[in-house]
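Numbering (the numbering used here), first residue to last: 101 to 264. Accompanying notes for the structure given below.
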């Protein structure tokens, strides 16, 4: 078993790369299996929210945040929810969406189970928006609607394993 690690930085984002390899008798390098996992923000004060007052669909907003910042905002607790709603327009995209199995998950793959749905929400739509008018409570909205959005910017950790 061999492993190596390195820290890389691009676009003001920090990546921690871990490569793990192991030899299994009888398997050639053509049977190489690779896996990677992107770890979201750290718990420190290095994460910040950026409100983007541009009208975009949820997927366009996600792409914009990933290109210019880190990702659409994920919300881990009530305090973070208060932080994202401060001074923002009504109904802005956050990073919560329904996956192909109809499970709600965060765009940045974080494991937060925090939810702050408005009454009678979610209903049938697949993307989430926060509402300033409803004390920051969330609504599910059709993903192709145009809304402003909130990104987060923080350190990312990329764990990358190579298994033979």
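Here a beta-carbon is modelled for each residue, glycine too, at the ideal position from N, C-alpha and C. Source: prediction; values computed, not measured.
Since residue i and residue j should fall inside the 8 Å C-beta cutoff, what is the C-beta to C-beta distance between them, to a whole number of angstroms?
i, j, result
"residue 207", "residue 174", "7 Å"
"residue 162", "residue 247", "Their Cβ separation, rounded to whole angstroms, is 12 Å, which puts residue 162 and residue 247 out of contact at 8 Å."
"residue 168", "residue 252", "Not confirmed; about 12 Å, so no contact."
For residue i and residue j, what's the separation of their Cα atoms in angstroms?
i, j, result
"residue 242", "residue 226", "6 Å"
"residue 178", "residue 216", "8 Å"
"residue 172", "residue 249", "8 Å"
"residue 183", "residue 245", "24 Å"
"residue 150", "residue 158", "16 Å"
"residue 219", "residue 202", "19 Å"
"residue 153", "residue 181", "18 Å"
For residue i, which residues of its own chain have a beta-carbon under 6 Å away from its beta-carbon, when the five flanking residues on both sides are left out?
i, result
"residue 228", "194, 196, 238 and 240"
"residue 165", "171, 172 and 251"
Excluding five sequence neighbours on each side, which residues of the same chain lie with their C-beta closer than 7 Å to the C-beta of residue i?
i, result
"residue 185", "230, 232 and 236"
Can you give me the Cβ contacts of residue i inside the same chain, cut-off strictly under 8 Å, excluding the 5 residues immediately before and after it?
i, result
"residue 204", "196, 197, 198, 215, 222 and 228"
"residue 234", "218"
"residue 190", "231, 232 and 233"
Task: Start-end ranges of the alpha helix (DSSP H) lying completely within the stretch 177-202, minimum 4 residues - done: Unbroken alpha helix (DSSP H) stretches of 4 residues or longer found wholly inside the stretch 177-202: 178-185, given in chain order.
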